[in-house]
Amino acid sequence: MTRQLPRRDVGGDDTARPGTETTWSHRPEVPLPGRWVRLLPRRLLLGTDVLALCAVLPWLGVGAVAALVHSCGVLVVLSVRGAHRLRLCARVSDEFGHVVLASALSLVPLAPGLGPVRTAVLGGGVTGALCGARLLVSGVLSTLRARGRLVETVLVVGGSDAAGEILGALGRHPEFGLRPVGVRHRGSTPENGPGIAEPAELEGLVRRYGATRVILCPESSEADELVDAVRRCRRLSVDFCVLPRLPDLGLAVPKATLDEVWGIPLLPLRVGARTVGARSTKRVCDLVLAVPLLVAVTPLLAVLAALVRHSGGGSPLFRQERVGRDGGLVLVTKLRTVLAVDEHTGWRPLPEQCGRLGTWLRRTHLDELPQLWDVVRGRLSLVGPRPERPYYAVRFSAEIPHYADRHRVTGGVTGWAQVNGLHGDTSIAERARFDNHYIEYWTPWTDLVVLVRTAGVLAGFGQGHNEHEEAGSASTTRDHGFGCRWCRTAVVRTGAAQQTRL
Numbered sequence: 001m002t003r004q005l006p007r008r009d010v011g012g013d014d015t016a017r018p019g020t021e022t023t024w025s026h027r028p029e030v031p032l033p034g035r036w037v038r039l040l041p042r043r044l045l046l047g048t049d050v051l052a053l054c055a056v057l058p059w060l061g062v063g064a065v066a067a068l069v070h071s072c073g074v075l076v077v078l079s080v081r082g083a084h085r086l087r088l089c090a091r092v093s094d095e096f097g098h099v100v101l102a103s104a105l106s107l108v109p110l111a112p113g114l115g116p117v118r119t120a121v122l123g124g125g126v127t128g129a130l131c132g133a134r135l136l137v138s139g140v141l142s143t144l145r146a147r148g149r150l151v152e153t154v155l156v157v158g159g160s161d162a163a164g165e166i167l168g169a170l171g172r173h174p175e176f177g178l179r180p181v182g183v184r185h186r187g188s189t190p191e192n193g194p195g196i197a198e199p200a201e202l203e204g205l206v207r208r209y210g211a212t213r214v215i216l217c218p219e220s221s222e223a224d225e226l227v228d229a230v231r232r233c234r235r236l237s238v239d240f241c242v243l244p245r246l247p248d249l250g251l252a253v254p255k256a257t258l259d260e261v262w263g264i265p266l267l268p269l270r271v272g273a274r275t276v277g278a279r280s281t282k283r284v285c286d287l288v289l290a291v292p293l294l295v296a297v298t299p300l301l302a303v304l305a306a307l308v309r310h311s312g313g314g315s316p317l318f319r320q321e322r323v324g325r326d327g328g329l330v331l332v333t334k335l336r337t338v339l340a341v342d343e344h345t346g347w348r349p350l351p352e353q354c355g356r357l358g359t360w361l362r363r364t365h366l367d368e369l370p371q372l373w374d375v376v377r378g379r380l381s382l383v384g385p386r387p388e389r390p391y392y393a394v395r396f397s398a399e400i401p402h403y404a405d406r407h408r409v410t411g412g413v414t415g416w417a418q419v420n421g422l423h424g425d426t427s428i429a430e431r432a433r434f435d436n437h438y439i440e441y442w443t444p445w446t447d448l449v450v451l452v453r454t455a456g457v458l459a460g461f462g463q464g465h466n467e468h469e470e471a472g473s474a475s476t477t478r479d480h481g482f483g484c485r486w487c488r489t490a491v492v493r494t495g496a497a498q499q500t501r502l
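First residue of the sequence shown? That's 1 in the UniProt record's numbering, and the numbers climb one at a time after it.
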């Protein structure tokens, strides 16, 4: 039975005031926005910058190659700095610093060939064109929105007083171009108060109303549930903002990234490593780095493979099932470091079974060199959460909160947790926390930092090996003989569930 909810339009004299009971708007008649409206938050400014660059560069007297290099550099820097996100309160003055920085950095490789005068003309012309185009688009967009055109639907989620104030402000000021729909957690309302949905229903509400933005104003009791709900909605390309815990205090973030609704500050959430652009960038970087690395280490790999074959006989390589992105199974290739026992128990890396060569390979992580081939084939990434055996993935997902969330991206040869010393017999919960932190805050720079720190660890600097691995003992998460048929079936089912959850 569908619960009939009280209705009330937001805005005018009906604005919610602190300390008063708030009835949230609920508009089933809201039409779904068209494709152009759905693309506004993340595509409008990108298109504006591309058109501005195409219009101004032919008039600045630079060659085609220099113009192309400079344009690509400007767009990449602006994208990395988050300047292509259409903010709720778009002010060109706040974005001026980003534009100047992007233009200046993109001129660095061109300055020696252009000379000081042409460099200054190119930088000034591009900066002026970008700022002018953004100012023009901002004015036109505000005018259209004030007339009811290009209006986006925004969900305001939470039971705090600030949520009511935001709903009222959006209703009174159509120039924001946002049609508000209030969503209040049933658990946060009085028994006789209004309620619309549980946090778990957020994805369904986004689809139902065609929302392009979500503003989160949660109370303390709602925060944990909203984390899972928001992560499930990330694949919908929805723009999220969250109300800070202490909004009346100044936040140490650039004005160009800080959002606000009528004086109420909001923090935009990062898109992380799950977007198509992030995956494409990582894939290109993986190929650019992994192919020459694989060629360079091939002689060393051949020597190690010969030593492994000589020490134990049989194939020097073995493949192991690990849990990859969205719970799928991938085969990971490694150098054999332990002796094979009967087929029912599989691999059992007990200390006495590793031998001196196997212990040394595991301690130096040289047994993982063949995984560069897995990176080239797309099974792994150079940097990402370390993929786990199916048995342990099922077990940890059931026991550790947010452990399954680390399967949102492709597993990696090395990761943020590993360069911080979390490998071998260390806390699985802490590893999951570091892995999810990496996913949420991913940038290409983060991958570069992880790779440099990994090289430092292999060279004997930075975070060293833990005592358990130094002693030559087997880790509780490496190469255990639990790859049974039940585990593979269980992880496939778990993977299907994760695709629904994530």
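We treat Cβ as the ideally placed atom computed from N, Cα and C, and that holds for glycine.
query = Taking DSSP as the reference, what is the three-state secondary structure of Ser-381?
reply = Within the sequence shown, the letter at position 381 stands for residue 381. In the structure shown, Ser-381 sits in a strand (DSSP, three-state: E or B).
inquiry  = Could you tell me which whole beta strand (DSSP E) segments of length 3 or greater appear in the segment 368–413?
reply    = Fully enclosed beta strand (DSSP E) runs of 3 or longer: 381–383.
Exposure of Trp-59, with buried meaning 16 or more beta-carbon neighbours within 10 Å = Position 59 of the sequence shown, counted from the start, is the residue given in the question as residue 59. Trp-59 is exposed by the Cβ-count criterion.
key: Beta-bridge pairing of Leu-317 - partner residues as DSSP gives them   = Counted from its first residue, the sequence shown places residue 317 at position 317. Leu-317 pairs with Leu-335.
query = Val-330 to Gly-384, Cα distance in whole Å?
reply = Locating residue 330 in the sequence shown gives position 330, counting from the first residue. Locating residue 384 in the sequence shown gives position 384, counting from the first residue. As the crow flies, the alpha-carbon of Val-330 is around 14 Å from that of Gly-384.
key: For Gly-125 and Gly-115, the rounded distance between their alpha carbons   = Counted from its first residue, the sequence shown places residue 115 at position 115. Counted from its first residue, the sequence shown places residue 125 at position 125. Those two C-alpha atoms are separated by around 15 Å.
ask   = Residue ranges of each beta strand (DSSP E) run of no fewer than 3 residues wholly in the segment 97–166, ordered along the chain?
value = The qualifying runs are 152–157.
query = Closer than 6 Å: is that where the CB of His-84 sits relative to any heavy atom of the ligand ZN?
reply = This structure does not include the ligand ZN; it has no bound ligands of any sort.
request  = Have a look at Leu-451 and Thr-414 and give me their C-alpha separation to the nearest angstrom.
outcome  = Within the sequence shown, the letter at position 451 stands for residue 451. Within the sequence shown, the letter at position 414 stands for residue 414. Approximately 8 Å, taken between the alpha carbons.
request  = Please confirm if the segment 134–152 is in contact with the segment 86–101, defined as three or more CB-CB distances below 8 Å between the two stretches.
outcome  = In short, these stretches touch, since the Cβ pair count reaches three.
task = Buried or exposed for Gly-177, please, with buried defined as at least 16 other CB atoms from any protein chain shown within 10 angstroms of its CB.
result = By 1-based counting over the sequence shown, the position of residue 177 is 177. Counting Cβ neighbours within 10 Å, Gly-177 comes out buried, since at least 16 surround it.
message = Tell me the DSSP secondary structure of Cys-217 in three-state form.
response = On the sequence shown, position 217 is the one that residue 217 refers to. In the three-state reduction of the DSSP assignment, Cys-217 falls in the coil class.
C-alpha gap between His-70 and Glu-399, whole angstroms = The residue labelled residue 70 in the question sits at position 70 within the sequence shown. The residue labelled residue 399 in the question sits at position 399 within the sequence shown. So the alpha carbons of these two residues sit roughly 50 Å apart.
query = Helix, strand or coil: how does DSSP classify Cys-72 here?
reply = Against the sequence shown, residue 72 aligns to sequence position 72. Here Cys-72 sits in helix by DSSP.
Under 7 Å between C-beta atoms of Pro-370 and Glu-321 = If you number the sequence shown from 1, residue 370 lands on position 370. If you number the sequence shown from 1, residue 321 lands on position 321. No, these two residues do not count as a Cβ contact at 7 Å.
task = Could you check what DSSP says for Arg-179 in three-state terms: helix, strand or coil?
result = Start at 1 with the first residue of the sequence shown, and residue 179 comes out as number 179. Reduced to three states, the DSSP call for Arg-179 is strand.
key: Contact between the segment 224–231 and the segment 251–264 (3+ Cβ pairs under 8 Å)   = No: the two stretches stay apart, fewer than three of their Cβ pairs being nearer than 8 Å.
CB contact flag (Leu-130, Ala-52, <7 Å) = Looking up residue 130 in the sequence shown gives position 130. Looking up residue 52 in the sequence shown gives position 52. Taking C-beta atoms as the reference points, Leu-130 and Ala-52 count as a pair closer than 7 Å.
query = Going by beta carbon distance, what residues of the same chain come within less than 7 Å of Pro-299, once the five residues before and after it are set aside?
reply = For the purposes of this step, residue 299 is taken as residue 299 along the sequence shown, with counting starting at 1. Answer for Pro-299: no residue qualifies.
task = State the DSSP-derived secondary structure class of Arg-85, mapped to helix, strand or coil.
result = Taking the first residue of the sequence shown as 1, we reach residue 85 at position 85. It is coil, neither helix nor strand.
inquiry  = Within 10 Å of its beta-carbon, does His-310 have 16 or more other beta-carbons around it, so buried, or fewer, so exposed?
reply    = Counting from 1 along the sequence shown, the entry for residue 310 is found at position 310. Exposed, because fewer than 16 other Cβ atoms sit within 10 Å of the Cβ of His-310.
query = Name the DSSP beta bridge partners of Val-261, please?
reply = Taking the sequence shown and counting its residues from 1, one reaches residue 261 at position 261. Ile-264, per the DSSP bridge assignment.
Contacts around Arg-379, its chain only, beta-carbon distance under 6 Å, and the 5 residues preceding and following it disregarded = As a first step, residue 379 is located in the sequence shown; it is residue number 379 there, counting from the start. The beta carbon of Arg-379 is closer than 6 Å to those of Val-330 in its chain, skipping five residues each way along the sequence.
inquiry  = If you measure between the beta carbons of Asp-248 and Leu-382, is that distance less than 7 Å?
reply    = Residue numbering aside, residue 248 sits at position 248 when the sequence shown is read from its first letter. Residue numbering aside, residue 382 sits at position 382 when the sequence shown is read from its first letter. With a cutoff of 7 Å on beta-carbon distance, Asp-248 and Leu-382 are scored as not near each other.
query = To the nearest angstrom, how far is it from the Cα of Glu-201 to the Cα of Val-65?
reply = Residue mapping note: residue 201 aligns to position 201 of the sequence shown, counting from 1. Residue mapping note: residue 65 aligns to position 65 of the sequence shown, counting from 1. Going from the Cα of Glu-201 to the Cα of Val-65 covers about 50 Å.
query = Going by Cα to Cα distance, which pick from Glu-440, Trp-445, Ile-439 and Leu-45 is closest to Gly-139?
reply = As a working mapping, residue 139 is identified with position 139 in the sequence shown. The option with the nearest alpha carbon to Gly-139 is Leu-45.
ask   = Would a check of beta-carbon distances place Leu-287 closer than 7 Å to chain D?
value = The displayed structure is made up of one protein chain only, and chain D is not part of it.
task = Ignore the nearest five residues each way along the sequence and tell me which others in Gly-412's own chain have a CB closer than 7 Å to its CB.
result = One-based indexing of the sequence shown puts residue 412 at position 412. When the five nearest sequence neighbours on each side are left out, the beta carbons in the same chain lying within less than 7 Å of the beta carbon of Gly-412 are those of Leu-380, Ser-381, Leu-382, Val-383, Gly-384, Pro-385 and Arg-386, in order along the chain.
ask   = Is Leu-44 helix, strand or coil by DSSP?
value = Here residue 44 is taken as the residue at index 44 of the sequence shown, counted from 1. Leu-44: helix per DSSP, three-state reduction.
ask   = When burial is assigned at 16 or more other CB atoms within 10 Å of the CB, is Cys-72 buried or exposed?
value = If you number the sequence shown from 1, residue 72 lands on position 72. Flag for Cys-72 reads exposed.
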